[in-house]
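In my numbering, the protein residues as written are 1007 to 1123. I have placed the structure first, in the form of structure tokens, so that the comments after it can refer back to it.
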């Protein structure tokens, strides 16, 4: 159930970002759901490999190169899917930053476990 809730939150986040950022287009909630799923799969399978391969550059930039990796993956998914488009690198950088921050905050606020003292 939690996985479904996170998936929906991520899709809603993509949908909201497309309304705010020029150059990011989501053609419907179904497209947002597919894009959120593809982003999750790519971030789970490909991103760790890219982070490992670019570790020297990441260390030299004090971790800032991670933002470039995130933007490139965001742009890749935008080019891969027909219902989700990203116009360029800088748009992808802004979109990936907003996507990470907003989806993390929403998931943390809405899905936090209730602790009993």
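We put the CB at the ideal spot given by N, CA and C, even for glycine.
- Taking C-alpha positions only, residue 1099 is separated from residue 1031 by approximately 15 Å.
- Uninterrupted alpha helix (DSSP H) stretches at least 4 residues long and entirely within the region 1025-1100 occur at 1035-1051, 1053-1059, 1061-1066 and 1071-1086, given in chain order.
- The Cβ atoms of residue 1091 and residue 1101 lie no closer than 7 Å to each other.
- In this structure, residue 1023 places its C-beta atom within 7 Å of the C-beta atom of residue 1104.
- Under a 10 Å Cβ-count criterion, residue 1007 is classified as exposed, with fewer than 16 other Cβ atoms of the shown protein chains found around its own Cβ.
- Between residue 1033 and residue 1089, the alpha-carbon positions lie close to 5 Å from each other.
- Shortest Cα-Cα distance from residue 1079 to any of 1112, 1039, 1094 and 1067 involves 1094.
- In this structure, the beta-carbon distance from residue 1087 to residue 1041 falls below 7 Å.
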